[in-house]
Amino acid sequence: MSRLSMCIFEWDAEDIAKLCRAKAALEECDEADARRMLSRRELALHCRRRMKYFLCFYRATHRLAVAIQMPLHSFMKTVSL
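Residue 1344 in my numbering sits at position 22 of the sequence shown, with consecutive numbering throughout.
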């Protein structure tokens, strides 16, 4: 399930950057080391998750296609009668 979640969602980059800076200040290390030390729990507590762009784009285009097809479908029914 976590792999599926990783395919759909991503951590907010700004939140991760802020968390890395804060952890680097607390642990007295550089941000690269702090990023490696981040746990999933810390990410879940302090960072927002958002849908990846391609999934949002897919849903938007799907809705648009349905919105276009519905009137066309009803028009084709009336013309064929």
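Glycine is no exception: its CB is placed at the ideal position from the N, C-alpha and C atoms.
The structure presented is a predicted model; accordingly, all values stated were derived computationally and were not measured.
At the C-beta level, His1368 and Leu1341 come within 8 Å of one another.
Arg1371 carries a strand assignment under DSSP once its states are collapsed to helix, strand and coil. Here Phe1397 is not bridged, per DSSP, to any residue. A distance below 8 Å separates the beta carbons of Glu1353 and Arg1343. In the DSSP annotation of this structure, the continuous segment of the beta strand (DSSP E) that includes Glu1332 starts and ends at 1331-1333.
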